[in-house]
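K.L.:
Quick note on numbering that gives the first Met the number 0: the sequence shown kicks off at 0 and runs consecutively. Note that the Cβ used here is the ideal one computed from N, Cα and C, for glycine as well.
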Amino acid sequence: MPCNRKCELECCGKNHAHPAKVRQLECKFKKFQFATSDSLLKKYLTSKLFEELKWKKTNYLMTLLDCVLTGFENPDSSMGVYAGCPECYDLFGDLFDELIREYHGDFKKSAVHPPMDWGEPGQLQDLDPEGKYIISTRVRTARSLKGYPFNPGLSYEEYLEIEEKIVNAVTELTDDLKGQYVGLRDMTPDEIDLMVDSHVLYKESDRFLNAANAYRYWPAGRGYFYNEDKTFIVWVNEEDHMRVISMQEGGNLGEIYDRLAKAIQQLDEKLEFERHERLGFLSMCPTNVGTGIRASVHIKLPNLAEDMGSLEKIAEELHLQIRGSGGEHTASVGGILDVSNKRRLGLTEREVIQEMNDGVLELIRLEGSK
Ligand code: ADP
Ligand code: ARG
């Protein structure tokens, strides 16, 4: 099928990757084979699989190079792969399926993600009613609009189109979700820094995303929507087309999760999201497919944190992940840890939140018994 989009290289008009791009890919793969890397890319992209995938190209002109460049350039990646567009999950499925299986707790190729089920948010309790451990709680999900590639494949016009569609939808939200949208192009660097430091906004400095060509045309189409209390936030065109976030101080998970569930219910009526029949909601990163939910607490666990090695082990057993207090790839400041669910696929929304709920309660119990 001839390409109907503009190639960054002169288009060869064929349904395979441009020979120059394949040559570039081969060179980078050769170099990567000598690199030391614990990434899942390194583990699963064998020479045999590489040969099978290297000529493939999606209808959005995404090739293996667009998916693995981030991992080649950053051998310290944990995954090392981003999808260039939804079709990559199928066309390069022999690679993606392995990463997805390993990240999301043995989600096999034959497994199918369950239909959406947010359960009864009111049944969740406050994780820390006395306010002894938890500073704040945040639940986010990722969504991609149907009919577009992800960052590596988006054109300038598409960034603006996606922004417009999302802004039209979010500005119609009601009740405590009502708010305003601000484009990053209308903010000063100091204003952006302030919002990033207060955990409301994203930054442009992630080298993993940068290597994946996720920052092209910045700040075009980028911005965020927030309600008056800044307890409901929507990130536009960061890693994903949309990150929908509910957060507030303290540990009232029920209230926070309920707000997110209501927001998604309203947004579902206004926007059409990309959903894969086996992998659920699709996202640029294979860690975020399925429910797209990451539910986290900023928490102080001074006793357990004395031995970070064994805390990491306990967290893994509870299917939890530990990050620094400034987000992914940051260090913990002032003893504050970011503890969240790790897997987002193969479980319903209700089950994901329950896993985080139970895990955090167990950590608090262990901390108290030390
Ligand atoms: P995500 O992948 O969920 O967007 P990141 O690790 O990139 O998460 O973090 C994004 C921002 O959200 C960072 O500023 C981080 O500190 C903030 N954040 C994450 N969890 C919480 C929380 N429970 N309370 C307050 N801020 C949080
Ligand atoms: N690409 C990075 C890596 O492989 C991050 C993966 C998960 N994080 C994310 N923001 N999607 O280490």
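In angstroms, rounded to a whole number, what distance separates the CA positions of residue 2 and residue 316?
P.N.:
Within the sequence shown, residue 2 is the residue found at index 3, counting from 1. Within the sequence shown, residue 316 is the residue found at index 317, counting from 1. With a pLDDT of 46 at residue 2, under the threshold of 50, the predicted position of this residue should be treated as unreliable, though the coordinate-derived value follows. Whole-angstrom Cα-Cα distance: 47 Å.
K.L.:
Look at the alpha carbon of residue 0 and the alpha carbon of residue 265, and state the distance between them as a whole number of angstroms.
P.N.:
Taking the sequence shown and counting its residues from 1, one reaches residue 0 at position 1. Taking the sequence shown and counting its residues from 1, one reaches residue 265 at position 266. Only weak support is given to the placement of residue 0: the predicted model assigns it a pLDDT of 38, under 50, and the value that follows is read from those uncertain coordinates. So the two alpha carbons sit approximately 38 Å from each other.
K.L.:
In the DSSP assignment, find the alpha helix (DSSP H) that holds residue 90 and state where it starts and stops.
P.N.:
Residue 90 sits at position 91 when you count from the first residue of the sequence shown. Unbroken alpha helix (DSSP H) run through residue 90: 87-90.
K.L.:
Mind reading off the beta-carbon distance from residue 45 to residue 87? Whole number of angstroms is fine, and I expect it under 8 Å.
P.N.:
As a position in the sequence shown, residue 45 is number 46, starting the count at 1. As a position in the sequence shown, residue 87 is number 88, starting the count at 1. Rounded, the Cβ-Cβ distance is 18 Å, inconsistent with contact.
K.L.:
Among 362, 49 and 256, which residue has its Cα nearest to the Cα of residue 350?
P.N.:
On the sequence shown, residue 350 is found 351 positions in, with the first residue counted as 1. That would be 256, whose Cα lies nearest to the Cα of residue 350.
K.L.:
May I ask you to report which of helix, strand or coil DSSP gives residue 1?
P.N.:
Residue mapping note: residue 1 aligns to position 2 of the sequence shown, counting from 1. The pLDDT assigned to residue 1 is 40, lower than 50, so where the model puts this residue is not dependable; a value taken from the coordinates is nonetheless given after this. If DSSP states are grouped into helix, strand and coil, residue 1 belongs with coil.
K.L.:
Would you check if there are 3 or more beta carbon pairs closer than 8 Å linking the segment 341-358 to the segment 317-329?
P.N.:
Yes: the two stretches touch, three or more of their Cβ pairs being nearer than 8 Å.
K.L.:
Should residue 82 go down as buried or exposed, given a rule of 16 or more other Cβ atoms within 10 Å for buried?
P.N.:
To locate residue 82, count along the sequence shown from 1; it is residue 83. Result: buried.
K.L.:
Determine whether the beta carbon atoms of residue 277 and residue 111 lie at a separation below 7 Å.
P.N.:
Your numbering for residue 277 matches position 278 in the sequence shown. Your numbering for residue 111 matches position 112 in the sequence shown. Against a cut-off of 7 Å, the Cβ pair of residue 111 and residue 277 comes out as a contact.
K.L.:
Apply the 10 Å Cβ neighbour rule to residue 65 and answer buried if 16 or more other Cβ atoms are within range, or exposed otherwise.
P.N.:
As a first step, residue 65 is located in the sequence shown; it is residue number 66 there, counting from the start. That one is buried.
K.L.:
When the Cα atoms are used, what is the spatial distance from residue 305 to residue 36?
P.N.:
Taking the sequence shown and counting its residues from 1, one reaches residue 305 at position 306. Taking the sequence shown and counting its residues from 1, one reaches residue 36 at position 37. Cα to Cα, residue 305 sits roughly 28 Å from residue 36.
K.L.:
Do you know how far the Cα of residue 232 is from the Cα of residue 225?
P.N.:
Indexing the sequence shown from 1 puts residue 225 at position 226. Indexing the sequence shown from 1 puts residue 232 at position 233. Each residue's Cα considered, the two are about 4 Å apart.
K.L.:
Nearer than 6 Å: is that true of the beta carbon of residue 397 relative to any heavy atom of the ligand ARG?
P.N.:
Outside the displayed span of the chain (0 to 369) sits residue 397, for which this structure offers no information.
K.L.:
On the CB-based measure, 16 or more other CB atoms within 10 Å of its CB, does residue 243 come out buried or exposed?
P.N.:
As a first step, residue 243 is located in the sequence shown; it is residue number 244 there, counting from the start. Buried.
K.L.:
Between residue 161 and residue 240, which are expected to be in contact by the criterion C-beta below 8 Å, what is the C-beta distance as a whole number of angstroms?
P.N.:
Within the sequence shown, residue 161 is the residue found at index 162, counting from 1. Within the sequence shown, residue 240 is the residue found at index 241, counting from 1. Yes, they are in contact, since the Cβ atoms of residue 161 and residue 240 sit about 5 Å apart, within 8 Å.
K.L.:
With C-beta atoms as the reference, is residue 92 less than 7 Å away from residue 38?
P.N.:
In the sequence shown, the residue the question calls residue 92 occupies position 93. In the sequence shown, the residue the question calls residue 38 occupies position 39. Not a contact, by the Cβ cut-off of 7 Å.
K.L.:
I need the straight-line Cα distance from residue 170 to residue 179, nearest angstrom please.
P.N.:
Numbered from 1 along the sequence shown, position 171 holds the residue referred to as residue 170. Numbered from 1 along the sequence shown, position 180 holds the residue referred to as residue 179. The straight-line gap from Cα to Cα measures roughly 7 Å.
K.L.:
Output yes or no for whether 7 Å exceeds the beta carbon distance between residue 85 and residue 281.
P.N.:
To locate residue 85, count along the sequence shown from 1; it is residue 86. To locate residue 281, count along the sequence shown from 1; it is residue 282. Closer than 7 Å, so yes.
K.L.:
Go to residue 141, then tell me how far its beta strand (DSSP E) extends in each direction, as first and last residue.
P.N.:
Within the sequence shown, residue 141 is the residue found at index 142, counting from 1. 133-142 is the span of the beta strand (DSSP E), which, as asked, contains residue 141.
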